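Each remark here refers to the structure printed beneath this line.
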Amino acid sequence: MPIRSTRGTEVRGEMWGASGSPMKSLAVLPYPNAAGGSLQKVSTMCYCDKTENEILDHLKRSLVPDDALLRLCCWRKICQVRGKRFNELDDRTWNKLCDKRVALNAQQKQTG
Ligand SMILES: [Zn+2]
Numbered sequence: 002m003p004i005r006s007t008r009g010t011e012v013r014g015e016m017w018g019a020s021g022s023p024m025k026s027l028a029v030l031p032y033p034n035a036a037g038g039s040l041q042k043v044s045t046m047c048y049c050d051k052t053e054n055e056i057l058d059h060l061k062r063s064l065v066p067d068d069a070l071l072r073l074c075c076w077r078k079i080c081q082v083r084g085k086r087f088n089e090l091d092d093r094t095w096n097k098l099c100d101k102r103v104a105l106n107a108q109q110k111q112t113g
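For what it's worth, this note's numbering labels the leading residue of the sequence shown as 2, then goes sequentially.
Below is the structure:
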């Protein structure tokens, strides 16, 4: 639905009409830490395709993306890595991740 432009505000009206709300792009950042490492496209790739070492590294540095925590196949893989390499990962770090996952799940249920 186009915004009816009044005299003198044509340009502003068009901009707002096109994008709805101006700052929306900030809301969704699926891989917030991707900039720190290699800039791979992750859209088609599942997190569980990563190597154990990569996942373990992410676990240690709390870089595991939210998507991976919510997706069951990826979470299983993460648990596998944790199970195999539990001596390399702090209980505290692991518990924090579990807490985060629970919180994310709760959030998802709320929103839909
Ligand atoms: Zn997966």
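Positions of the beta carbon are idealized from the N, C-alpha and C atoms, including for glycine. Everything numeric in this text was worked out from a predicted model, so none of it was measured.
Cys-47 sits in coil when the DSSP states are folded into three classes, being neither helix nor strand. Across the set Val-103, Leu-57 and Lys-110, the C-alpha of Leu-57 shows the shortest separation from the C-alpha of Asn-88. Closest option to Asn-54, judged by alpha-carbon separation, among Leu-90, Lys-97 and Thr-94: Leu-90. Under the three-state reduction of DSSP, Arg-83 is assigned to helix. Burial is judged here by how many other beta carbons sit within 10 angstroms of a residue's own beta carbon; Val-65 has at least 16 and is buried. With a threshold of 16 other beta carbon atoms within 10 Å, Val-103 falls short and is exposed. The Cβ atoms of Cys-49 and Cys-74 sit closer than 8 Å to each other. By alpha-carbon distance to Gln-109, the top candidate from Lys-78, Met-46 and Leu-71 is Leu-71.
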